[in-house]
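*Asks:* The structure is given below, and queries will be raised subsequently.
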Amino acid sequence: MKKTLFALFMLIQMNYANEGMWLIEQLQALNLPQAGLEISIEDIYNRDTPCLLDAIVNLGGATAEFVSSEGLLLTNHHVAYGGVQRASVQGVDYLTDGFLARSKAEELPAPGSYVRVILEIRDVTTEILESIGNVKDLVERNRLIKYAIKILEDTIEAEDIDIEVKIASMYNGEQYILYKYKRFDDLRIVYMPPLSIGNYGADIDNWMWPRHTGDFAFLRVYMTPTGKGGEYSPDNIPYKPEKWLKIASTDLRDGDFTFIIGYPGRTNRNRTSPAIKYHLNEIYPGNIVRYENTIRILDETAAQYPEAAIKVAGMRKGRSNYHKKTLGIISGMKAADFLAGQIALERELQEFILSQRKFRKKYAHIFADIQKQFEYISQTLDHDRTLALFDYDAGIIPAAAKKILYTVLEREKPEADRNPEFSETEIKRTSSRIKYRYLSFFEPADKELLKHAFMVVLRLDSTQRIAGLEFLRNQNLDQYSEELYSETKMKDPDFVRSMFFMTSEELEALNDPIIQLLQKLYQEDEDRRVREERFKAELGELRRKYMTVLSAYKGFNVYPNANGTVRLTYGPVAGYSPRDAVYYKPFTTLSGVIAKDTGEPPFDMPVELRKLGEEKIYGQWFNPEMDDVPVAFTHQCDITNGNSGSPVLNAKGELLGIAFDGNYEALLSDWQYNPDIQRAISVDIRYVMFVTEQYAGAEYLLEEMGIK
Numbered sequence: 133m134k135k136t137l138f139a140l141f142m143l144i145q146m147n148y149a150n151e152g153m154w155l156i157e158q159l160q161a162l163n164l165p166q167a168g169l170e171i172s173i174e175d176i177y178n179r180d181t182p183c184l185l186d187a188i189v190n191l192g193g194a195t196a197e198f199v200s201s202e203g204l205l206l207t208n209h210h211v212a213y214g215g216v217q218r219a220s221v222q223g224v225d226y227l228t229d230g231f232l233a234r235s236k237a238e239e240l241p242a243p244g245s246y247v248r249v250i251l252e253i254r255d256v257t258t259e260i261l262e263s264i265g266n267v268k269d270l271v272e273r274n275r276l277i278k279y280a281i282k283i284l285e286d287t288i289e290a291e292d293i294d295i296e297v298k299i300a301s302m303y304n305g306e307q308y309i310l311y312k313y314k315r316f317d318d319l320r321i322v323y324m325p326p327l328s329i330g331n332y333g334a335d336i337d338n339w340m341w342p343r344h345t346g347d348f349a350f351l352r353v354y355m356t357p358t359g360k361g362g363e364y365s366p367d368n369i370p371y372k373p374e375k376w377l378k379i380a381s382t383d384l385r386d387g388d389f390t391f392i393i394g395y396p397g398r399t400n401r402n403r404t405s406p407a408i409k410y411h412l413n414e415i416y417p418g419n420i421v422r423y424e425n426t427i428r429i430l431d432e433t434a435a436q437y438p439e440a441a442i443k444v445a446g447m448r449k450g451r452s453n454y455h456k457k458t459l460g461i462i463s464g465m466k467a468a469d470f471l472a473g474q475i476a477l478e479r480e481l482q483e484f485i486l487s488q489r490k491f492r493k494k495y496a497h498i499f500a501d502i503q504k505q506f507e508y509i510s511q512t513l514d515h516d517r518t519l520a521l522f523d524y525d526a527g528i529i530p531a532a533a534k535k536i537l538y539t540v541l542e543r544e545k546p547e548a549d550r551n552p553e554f555s556e557t558e559i560k561r562t563s564s565r566i567k568y569r570y571l572s573f574f575e576p577a578d579k580e581l582l583k584h585a586f587m588v589v590l591r592l593d594s595t596q597r598i599a600g601l602e603f604l605r606n607q608n609l610d611q612y613s614e615e616l617y618s619e620t621k622m623k624d625p626d627f628v629r630s631m632f633f634m635t636s637e638e639l640e641a642l643n644d645p646i647i648q649l650l651q652k653l654y655q656e657d658e659d660r661r662v663r664e665e666r667f668k669a670e671l672g673e674l675r676r677k678y679m680t681v682l683s684a685y686k687g688f689n690v691y692p693n694a695n696g697t698v699r700l701t702y703g704p705v706a707g708y709s710p711r712d713a714v715y716y717k718p719f720t721t722l723s724g725v726i727a728k729d730t731g732e733p734p735f736d737m738p739v740e741l742r743k744l745g746e747e748k749i750y751g752q753w754f755n756p757e758m759d760d761v762p763v764a765f766t767h768q769c770d771i772t773n774g775n776s777g778s779p780v781l782n783a784k785g786e787l788l789g790i791a792f793d794g795n796y797e798a799l800l801s802d803w804q805y806n807p808d809i810q811r812a813i814s815v816d817i818r819y820v821m822f823v824t825e826q827y828a829g830a831e832y833l834l835e836e837m838g839i840k
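Counting with my numbering, you get residues 133 to 840 for the letters of the sequence shown.
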């Protein structure tokens, strides 16, 4: 492999303390012992023997960790929320009331939840890049790369039924890393605290500090008697992990070293001014409106139909979370004058390019070329993001219909014309999981979401209209929506699953009105995909060039943007000053939980928990320095969405807590790291153990974790 940004990293010393979501393969270069780590790098990651990485799993877009030899998992309450919500649709509200299994026999299936346990990490850059040969066209190069990735993923996944493979691009395609997992679809709920603990403060406290929520839950992973992953079966037995985490044996204090291993989702570090402007002025405001409309519709439905509250809870929580985060990002961009700062940097870079003979010819027009790409994709922005409503926000049935129709039509294309990411393996996986999506289906809410999408369509400017939906102008939307749902055959999830494997003729013969509706969108959606394919290919090449210039100019350390792959971040426990004359301490306590208690949601602390605090019945989780039980803490670790549920570890690799949030003042962190104010917020393991033992009375879980 040529000397890439990854290779450049190996030559550069760290400049920014605590910044970075580091690849596991980069740990040797971080000098972690100097930062405070007391165990070896091999204790964290070792290809040949059990290590800490083996105890940390990907939990459906979030993170969890094994804490016993019997497959017991610890993660966030809000991560377990979806599985518990789906378990609650049969009539028992486990979200509000909580749930505790007193034995393994009582553990409750968490429908739709799954984990991936990592088996292998390896660099496959050479294998992937060999696929492009001498092809110069950027779009075709990208297609060939995607095709090579999918072939390699499918080939390895064919080894066994529980193997899943993801190949991730790093540094805008400079490097490709393969992650091989063993997948388990039988997760069971062990202990889910009630909302009044696990979601204490709800939307009001979300992304805020000080924080007083017990954001944790226990799950258990089950496998077949022969050791395979798979869906729920009463014959399954608890999984036996090779490694599990031990609960910290010493108290955590201000300034102590911490590190986090988890699966952060997406970041946009080192982006240029057109990308910042595009998001600040277009993408984020549009997303806020979309989230607000979805939340409003779900709330109105829940108010009208009490039985809807549990059904729509998962979607509502997700949209609310991203709504507040997006507001925080916009606020952070404006407060930091982020766009102006990037424009000033680009002026300096342009001068640097022109002053360097080796850069002048190749990179002189890079900023103008990037600007042209965003002008290109902006031309159809309203049209394209309205089409995207039907991916999720227009309702469960329209989203399923779209996925089915597009899958069937893609399958029937000549192989050379197919989307290079098309995979029968992924289709089988998607179709088998559709039943879990339907556990959140509530017809009145679905109809209102679809009707709202129609209204958005009709409000489009004449230059952005969706031709296939122009017929809506002659429809009574209330009546049309009712007809769609009264005549569709897609309310039965078993039948919907079978539709993934029909031919287009068989689909057409169903005369299903929602399939017919999505058929009207197909060609324009295909055009959208082609536009985005071109945009991403050409912008990706420009970003590679930009990073080359930026690295040469600043000489900063290089880590790839987060992309859902496992990463490590580290830093000390630390408070922060969000504004003039204000300082936030790094710990909150049980007394703070009591002080916020109003008796009304979302500050409705359980009476039994309040009594424990008032009577100082702390058990072994009392901290004498605080004269209290610690609840949550802030530390200088670099995290984002996807890190939820990640273990916070001390210098010895012991479990200190569970990461669950970032602070509102630093939500710009997906774009830019600020060591002065960016903090990870984690629930303290002492509060987790206190609630589990003293409030829930689940001493047997502590015994299972080796706590006496």
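Even for Gly, the Cβ is constructed at its ideal location relative to N, Cα and C.
Mapping DSSP to helix, strand and coil, what is Ser564?
*Replies:* Helix at Ser564.
*Asks:* Tell me, to the nearest whole angstrom, how far the beta carbon of Tyr750 is from that of Val761; I am working on the premise that it is less than 8 angstroms.
*Replies:* That pair is a contact at about 5 angstroms.
*Asks:* Is it buried or exposed, Leu143, if we count other Cβ atoms within 10 angstroms and call 16 or more buried?
*Replies:* In this predicted model, Leu143 has a pLDDT of only 38, less than 50, meaning its place in the structure is not dependable enough to derive any value.
*Asks:* Answer yes or no: do Lys443 and Phe574 have a C-beta to C-beta separation smaller than 8 angstroms?
*Replies:* Going by C-beta atoms, Lys443 is nearer than 8 angstroms to Phe574.
*Asks:* Given a threshold of 16 other Cβ atoms within 10 Å of its Cβ, counted over all protein chains shown, does Val584 qualify as buried or as exposed?
*Replies:* This sequence places His at residue 584; Val is not what is there. Buried, because 16 or more other Cβ atoms sit within 10 Å of the Cβ of His584.
*Asks:* Are Ser328 and Met737 touching if we call contact CB-CB under 8 angstroms?
*Replies:* Yes, Cβ-Cβ distance for Ser328 and Met737 is below 8 angstroms.
*Asks:* My output table needs one value for Lys135: the three-state DSSP class, helix, strand or coil.
*Replies:* Per-residue confidence for Lys135 stands at a pLDDT of 41, beneath the threshold of 50, marking its modelled position as unreliable; the derived number appears in the next sentence. Three-state result, Lys135: coil.
*Asks:* Measuring CA to CA, which of Asn425, Gly460 and Ile393 is closest to Ile176?
*Replies:* Nearest C-alpha to Ile176: Ile393.
*Asks:* Going by alpha carbons, who is nearest to Ala233 out of Tyr832, Ile429, Ser613 and Pro417?
*Replies:* Nearest of Tyr832, Ile429, Ser613 and Pro417 to Ala233, Cα basis: Tyr832.
*Asks:* Mind checking who Phe389 pairs with in its DSSP beta bridge?
*Replies:* Pro704.
*Asks:* Using the C-alpha atoms, what's the distance from Asp549 back to Ile277?
*Replies:* For Ile277 and Asp549, the distance between alpha carbons rounds to 15 angstroms.
*Asks:* Shortest alpha-carbon distance to Arg561 belongs to which of Asp286, Glu544, Gly829 and Ala500?
*Replies:* The candidate whose alpha carbon is nearest that of Arg561 is Asp286.
*Asks:* What span of residues does the beta strand (DSSP E) with Ser172 cover, start to end?
*Replies:* First-last for Ser172: undefined, no H or E at that position.
*Asks:* Would Lys710 pass as a contact of Tyr716 if the rule is Cβ separation under 8 angstroms?
*Replies:* The displayed chain sequence assigns Pro, not Lys, to residue 710. Yes, the Cβ-Cβ distance between Pro710 and Tyr716 is below 8 angstroms.
*Asks:* Are the beta-carbon atoms of His344 and Val698 separated by less than 8 angstroms?
*Replies:* Taking 8 angstroms as the Cβ cut-off, His344 and Val698 do not qualify as a contacting pair.
*Asks:* Should Asn693 and Thr399 be called a contact, given that it needs their Cβ atoms to be closer than 8 angstroms?
*Replies:* Contact flag set, yes.
*Asks:* Buried or exposed: which applies to Arg492, given that a residue is buried once 16 or more other Cβ atoms fall within 10 Å of its Cβ?
*Replies:* Exposed is the call here.
*Asks:* So, at 6 angstroms on beta carbons, what are the nonlocal neighbours of Asn304 in its own chain, with the 5 sequence-adjacent residues on each side left out?
*Replies:* Same-chain partners within the cutoff: Gly672, Arg675 and Arg676.
*Asks:* Going by Cα to Cα distance, which pick from Leu799, Glu547, Phe554 and Gly346 is closest to Lys282?
*Replies:* Looking at the Cα atoms, Phe554 is the closest of the given residues.
*Asks:* Between which two residues does the alpha helix (DSSP H) harbouring Gln611 extend?
*Replies:* From DSSP, the alpha helix (DSSP H) with Gln611 extends over Leu609 to Glu619.
*Asks:* Would you report the Cα separation of Asp644 and Tyr323, rounded to the nearest angstrom?
*Replies:* One C-alpha to the other measures close to 42 angstroms.
*Asks:* At what residue ranges does the region 646-708 contain a whole run of the beta strand (DSSP E), taking only runs of 3 or more?
*Replies:* If we require 3 residues or more, the beta strand (DSSP E) runs fully inside the region 646-708 come out as 699-704.
*Asks:* Along the alpha helix (DSSP H) that carries Ser814, what are the first and last residues, could you check?
*Replies:* Premise fails: Ser814 lies in the beta strand (DSSP E), Ala812 to Asp816, not in any alpha helix (DSSP H).
*Asks:* When DSSP builds the beta bridges, which residues end up paired with Tyr213?
*Replies:* None, per the DSSP bridge assignment.
*Asks:* Check Tyr395 in the structure and name its three-state DSSP category.
*Replies:* Coil.
*Asks:* Where does Ile188 land, buried or exposed, given buried means 16+ other C-beta within 10 angstroms?
*Replies:* It counts as buried.
*Asks:* So, using beta-carbon positions, are Gln222 and Phe470 closer together than 8 angstroms?
*Replies:* Result no, Cβ atoms of Gln222 and Phe470 do not sit closer than 8 angstroms.
*Asks:* Taking a contact to mean a Cβ-Cβ separation below 8 angstroms, would you say Gly404 touches Gln307 in this structure?
*Replies:* Gly is not the amino acid found at residue 404; the sequence shown has Thr there. It is not a contact, given that the beta carbons lie outside the stated cut-off.
*Asks:* How close, in whole Å, do the beta carbons of Tyr311 and Ala300 come, if the pair is a contact with beta carbons under 8 angstroms?
*Replies:* So it is a contact: roughly 7 angstroms between Cβ atoms.
*Asks:* Run through DSSP, which three-state label would Ile176 get?
*Replies:* Three-state result, Ile176: helix.
*Asks:* Considering only C-alpha positions, which residue in the set Arg315, Arg275, Val267 and Asn274 is nearest to Glu289?
*Replies:* Nearest option by C-alpha distance: Arg315.
*Asks:* Look at Lys360 and Ile250 and say whether their C-beta atoms are less than 8 angstroms apart.
*Replies:* Not in contact: Lys360 and Ile250 (Cβ atoms no closer than 8 angstroms).
*Asks:* Counting only runs that start and end within the region 706-762, where is the alpha helix (DSSP H) found for 4 or more residues in a row?
*Replies:* Segments of the alpha helix (DSSP H) lying fully in the region 706-762: 722-728 and 739-746.
*Asks:* Count the other CB atoms within 10 Å of the CB of Val820; is the residue buried (16 or more) or exposed (fewer)?
*Replies:* Looking at its Cβ environment, which holds 16 or more other Cβ atoms inside 10 Å, Val820 is buried.
*Asks:* Label Leu140 either buried or exposed according to how many other C-beta atoms from any shown protein chain fall within 10 Å of its C-beta, with 16 as the threshold for buried.
*Replies:* Bear in mind that the predicted position of Leu140 carries a pLDDT of just 42, short of 50, making it unreliable; the figure below should be weighed with that in mind. Per the 10 Å Cβ criterion, buried.
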